[in-house]
Amino acid sequence: MEERGRPVGGDFKHTDFGKIILPFTLLRRLECALESTREASLDSQPATIEFLEAEFSVDFDALLS
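Residue numbers (the working numbering): 29 to 93.
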(Lines of atoms letter the chains of each structure in order from A and count residues from 1; the text may use other names and numbers.)
(Lines give C-alpha, C1' and ligand atoms only; values in the text may rest on other atoms or scores of the structure.)
Protein backbone atom coordinates (compact mmCIF):
# COMPACT_ATOMS: atom_id res chain seq x y z
CA MET A 1 0.00 0.00 0.00
CA GLU A 2 1.17 3.48 -0.66
CA GLU A 3 0.31 6.70 1.05
CA ARG A 4 0.96 9.98 -0.77
CA GLY A 5 3.40 8.34 -3.14
CA ARG A 6 5.58 6.79 -0.42
CA PRO A 7 5.59 3.12 0.43
CA VAL A 8 4.05 2.41 3.83
CA GLY A 9 6.52 0.67 6.12
CA GLY A 10 9.39 3.10 6.29
CA ASP A 11 12.85 1.96 5.31
CA PHE A 12 11.99 -1.74 5.15
CA LYS A 13 11.87 -3.55 1.86
CA HIS A 14 8.65 -5.38 1.08
CA THR A 15 10.59 -8.66 1.10
CA ASP A 16 11.79 -7.97 4.67
CA PHE A 17 8.31 -7.64 6.18
CA GLY A 18 8.16 -11.36 7.01
CA LYS A 19 11.44 -11.17 8.91
CA ILE A 20 10.11 -8.24 10.91
CA ILE A 21 6.45 -9.13 11.41
CA LEU A 22 6.86 -12.85 12.18
CA PRO A 23 8.85 -12.46 15.44
CA PHE A 24 6.37 -9.89 16.77
CA THR A 25 3.45 -12.10 15.76
CA LEU A 26 4.97 -15.05 17.58
CA LEU A 27 5.66 -12.95 20.68
CA ARG A 28 2.07 -11.72 20.74
CA ARG A 29 0.67 -15.23 20.34
CA LEU A 30 2.91 -16.46 23.14
CA GLU A 31 1.78 -13.58 25.34
CA CYS A 32 -1.87 -14.44 24.68
CA ALA A 33 -1.28 -18.15 25.35
CA LEU A 34 0.38 -17.40 28.70
CA GLU A 35 -2.08 -14.71 29.81
CA SER A 36 -3.96 -17.05 32.16
CA THR A 37 -0.78 -17.83 34.13
CA ARG A 38 0.77 -14.35 34.05
CA GLU A 39 -0.28 -13.20 37.52
CA ALA A 40 0.67 -16.49 39.17
CA SER A 41 4.06 -16.40 37.48
CA LEU A 42 4.70 -12.83 38.55
CA ASP A 43 3.55 -13.51 42.12
CA SER A 44 5.80 -16.55 42.43
CA GLN A 45 8.95 -14.64 41.52
CA PRO A 46 8.84 -11.27 43.35
CA ALA A 47 12.53 -11.42 44.30
CA THR A 48 13.53 -11.92 40.67
CA ILE A 49 11.43 -9.00 39.52
CA GLU A 50 12.77 -6.76 42.30
CA PHE A 51 16.33 -7.75 41.37
CA LEU A 52 15.78 -7.02 37.67
CA GLU A 53 14.10 -3.69 38.42
CA ALA A 54 17.00 -2.65 40.65
CA GLU A 55 19.73 -4.00 38.40
CA PHE A 56 18.42 -2.69 35.08
CA SER A 57 16.19 0.20 36.20
CA VAL A 58 13.17 -1.31 34.47
CA ASP A 59 9.61 -0.71 35.65
CA PHE A 60 8.01 -4.09 34.97
CA ASP A 61 4.59 -2.92 36.15
CA ALA A 62 4.56 -0.33 33.37
CA LEU A 63 5.83 -2.85 30.81
CA LEU A 64 3.31 -5.53 31.72
CA SER A 65 0.21 -3.37 31.96
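Note that the Cβ used here is the ideal one computed from N, Cα and C, for glycine as well.
Beta-carbon gap between residue i and residue j smaller than 7 Å
| i | j | result |
| --- | --- | --- |
| Phe84 | Ile77 | no |
Alpha-carbon spacing of residue i relative to residue j, whole angstroms
| i | j | result |
| --- | --- | --- |
| Phe79 | His42 | 41 Å |
| Leu91 | Glu67 | 14 Å |
| Glu59 | Gln73 | 18 Å |
| Leu54 | Leu62 | 12 Å |
| Asp71 | Ser64 | 13 Å |
| Ala82 | Ile49 | 32 Å |
The alpha helix (DSSP H) enclosing residue i, as first and last residue numbers
| i | result |
| --- | --- |
| Ser69 | Arg66 to Ser72 |
Other residues of its chain near residue i: CB distance less than 8 Å, five sequence neighbours each side excluded
| i | result |
| --- | --- |
| Val86 | Leu80 |
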